[in-house]
Amino acid sequence: MHRLTVRMKDVKSSMIIEAALDERLSFRDNFRLLEELLEIPLTDAQVYDPYKKIFLDRNIVISDFHFGSFMLLHLFC
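Okay, here's the thing in structure tokens:
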């Protein structure tokens with residue numbers, strides 16, 4: 004119920020990650036969980052919103068960003 008489906012593209016490797024993130028948590032907290040599942044280092048990844056053309060604060064709860072139903076974000080690892 005508190006899920007947000009997100010597509011994230013690692014800019015360096017061009018790898019695409021599709022995940023349902025918990026919007027009650029921050030990107031940092033969600034990335035910690037994804038690291039355990041995918042074994043990909045995401046802790047220090049910078050999140051870039053190509054629509055707003057800004058880097059997002061990884062410590063803010065995701066629901067505070069008021070994203071649409073399906074987002075594409077760029078990751079700089």
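Counting in this note's numbering, the final residue of the sequence shown is number 80, and the numbers go up one at a time with none missing.
Virtual Cβ for every residue (Gly too), placed ideally from N, Cα, C.
Keep in mind it's a predicted model, so treat the numbers as computed, not measured.
Other residues of its chain near residue i: CB distance less than 8 angstroms, five sequence neighbours each side excluded
i, result
"VAL64", "GLU26, ARG27, LEU28 and SER29"
"THR46", "ARG31, PHE34, ARG35 and GLU38"
Reduced DSSP category for residue i - H, G, I as helix; E, B as strand; rest coil
i, result
"ILE65", "helix"
"LEU45", "coil"
"PHE79", "strand"
Residues near residue i by beta carbon distance below 6 angstroms, same chain, minus five either side
i, result
"PHE79", "VAL14 and GLN49"
Exposure of residue i, with buried meaning 16 or more beta-carbon neighbours within 10 Å
i, result
"PHE34", "buried"
"LEU37", "buried"
Closest residue to residue i among the options (Cα-Cα distance)
i, options, result
"LEU75", "ARG6, ARG61 and LYS12", "LYS12"
Close Cβ partners of residue i (< 7 angstroms) along its chain, the five nearest in sequence each way excluded
i, result
"TYR106", "Limits of the chain in this structure are 4 at one end and 80 at the other, which puts residue 106 out of reach."
Backbone CA spacing between residue i and residue j [nearest angstrom]
i, j, result
"ARG10", "ASP52", "11 angstroms"
"ASN16", "ILE57", "Reading off the sequence, residue 16 comes out as Ser, not Asn. For SER16 and ILE57, the distance between alpha carbons rounds to 21 angstroms."
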